[in-house]
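Trainee: Residue numbering for the sequence shown follows our numbering, starting at 4 and increasing by one per position.
Shown below is the structure under consideration.
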Amino acid sequence: MLKIGFYRLLQAIVVLWAAFTATFILLQILPGDAILIKFLNPEYGLNASEIANLRTNYGIDEPKIIQYFKTIGNFLTGDLGFSVQAGVPVSDLIKTNLPATLKLAGLGFLVALILAFLIALLFSFSPFQGLRNLFFALPGLFLAIPLFWLGIVFVQIFSFYLGWISVIVPGPIEAMILPVVALAIPISAPLAQILMRSLDEIELSPFIMVLKSKGASHFRILVCHCLRNSALPVLTIAGLLFGELISGAVVTETVFGLNGIGKITEQAVRSQDVSVLQAIVVVSSAAFVFINLVIDLFFPLIDPRLRQRTGGDR
């Protein structure tokens, strides 16, 4: 396990470095300039010399290679830079907005898991082939629905037409219902697909045939044996879906007017606030890598065969 953990840690460092480098290059070649976008506004009353001084203070005029190494050095010490648009350290922006995004993503993922397991169970217990085909096709429909369109439809139907949920000064719980469900629906689709395929394969396994021959009920076999053996592929895809949760949160927070990482990302894109965008990508990549690292190390606790294999490697 120590050897595997060390290897995964090295992989994580390489992934983070690659994400940082790719983001830095892409942001540098984008047209526009955050300093000019903000301070060329006549309201600030700055002349060309003063704007040039600002560019020097922010280090924008330095050679790109120097900016790269300075930025990566600052990131290693916990300095995420300074937001030109907001006028505050980027770390303060992230600390303020990250909890709301984590709450949205966490609740969305929980609802997605519940929805995926519900679809898989209905698929398994359906007595008719037509119903099984319907539930099997449902995740494909969920994947085909654009998230921004789904959010707008939810607002139109449940807020404006039915009046069940207010989007104008809603309560803390009420404000989360539609965004969480809208985020959960597309996330649940791949989870449900993997779960249904795994259940189908496991139900044809020899040990399941033995359990059936001993008189075990379909419900007991499904819940006590099939679902546990289906956990590994579901956990794998769950870790990979974290990136989609973050991107989905950006769209969801924009559609429903929520504060969070998604909102400051959208504002940073509009103002070309490079420091904010760079920090958000790196923080999101770090979270993605950490979650997948934990899942990889958690696998042997679920599947004894992996523990035996790991022990044999040592």
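Backbone N, C-alpha and C define an ideal beta-carbon position, used for all residues, glycine too.
Please state whether DSSP places F3 in a helix, a strand or coil.
Mentor: There is no way to answer for residue 3, as the model of the chain reaches only from 4 to 317.
Trainee: With a CB to CB cut of under 6 Å and the five nearest residues on each side skipped, what residues in its chain are close to S287?
Mentor: Correct list, in chain order: I249.
Trainee: Measuring straight from C-alpha to C-alpha, what distance separates G315 and I298?
Mentor: With a pLDDT of only 44 at G315, under 50, the local geometry of the prediction cannot be trusted, and no value is derived from it.
Trainee: State the DSSP-derived secondary structure class of P92, mapped to helix, strand or coil.
Mentor: strand
Trainee: How about V93 and K41: do their beta carbons lie closer than 8 Å?
Mentor: no
Trainee: Taking just the CA atoms, how far does N77 sit from A25?
Mentor: Spanning the two alpha carbons is a distance of roughly 17 Å.
Trainee: State yes or no: is the C-beta of V184 within less than 8 Å of the C-beta of V170?
Mentor: no
Trainee: Check each candidate in G133, A103, L198 and L280 and name the one with the smallest Cα separation from N262.
Mentor: Cα-wise, what sits closest to N262 is A103.
Trainee: Give me, in chain order, the residues of the same chain whose beta-carbon lies closer than 7 Å to that of P236; leave out the 5 immediate sequence neighbours on both sides.
Mentor: I197 and S201
Trainee: How far does the alpha helix (DSSP H) with G265 in it extend, from its first residue to its last?
Mentor: I264 to S274
Trainee: Rank R273, A282, N60 and P189 by C-alpha distance to the C-alpha of A241 and give the top, closest one.
Mentor: Ranking the options by Cα distance to A241, first place goes to P189.
Trainee: How long is the line joining the alpha carbons of S208 and F126, rounded to whole angstroms?
Mentor: 18 Å
Trainee: DSSP on R317, reduced to helix/strand/coil?
Mentor: Because R317 sits at a pLDDT of 42, beneath the cut-off of 50, its placement in the model cannot be relied upon, and the point is left open.
Trainee: What does the alpha-carbon distance come out to for the pair L181 and Q275?
Mentor: 30 Å
Trainee: Excluding sequence positions up to five away, which residues of its chain have a Cβ less than 7 Å from the Cβ of L96?
Mentor: S86, A89, I267 and V279
Trainee: Using CA atoms only, rank isn't needed, just tell me which of P130, I148 and S191 is closest to L113.
Mentor: S191
Trainee: G84 to F9, Cα distance in whole Å?
Mentor: 30 Å
Trainee: The alpha helix (DSSP H) with G76 in it runs from where to where?
Mentor: K67 to L79
Trainee: Based on DSSP bridge pairs, tell me the residues matched to I85.
Mentor: With the sequence shown as reference, residue 85 is identified as Phe, and Ile is not the correct amino acid for it. DSSP output for F85 lists P92 as bridge partner(s).
Trainee: Here's the rule: buried if 16 or more other CB atoms are within 10 angstroms of the residue's CB, otherwise exposed. What is I16?
Mentor: exposed
Trainee: Helix or strand or just coil, what does DSSP make of V156?
Mentor: helix
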